[in-house]
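Numbering (this note's numbering), first residue to last: 40 to 138.
Here it is as structure tokens:
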């Protein structure tokens, strides 16, 4: 199984994880480093615009998170969008009052 992690270093504290996986054709290891490039499509038979994973990568970077991709040709692909959770305003207020 090929794996690719792209973005910022892991965030400290709690994180939200959105995981999507399929049982499709998978992504070849040589294509995996390029799938977050805008308009990149692995193979000529693929449909789509080539923007989906590029947008996910941009979201991850803008929020200090990361995008983790795993794929096995012939078995499918999984994508995890991992974003840091921010403390709620009530927690921030409680901490400010305790100082």
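Idealized CB from N, CA, C, for every residue including glycine.
For the pair residue 106 and residue 120, the CB atoms are nearer than the 8 Å cut-off. Nearest neighbour of residue 97 by Cα position, chosen from 87, 109, 59, 77, turns out to be 77. The Cβ atoms of residue 101 and residue 55 do not sit closer than 8 Å to each other. Membership of residue 97 in any beta strand (DSSP E) is not indicated; the residue belongs instead to the alpha helix (DSSP H) covering 91-101. No residue range can be given for residue 75, since it is assigned to no beta strand (DSSP E) and is classified by DSSP as neither H nor E. Where residue 56 is concerned, the enclosing beta strand (DSSP E) starts and stops at 54-60.
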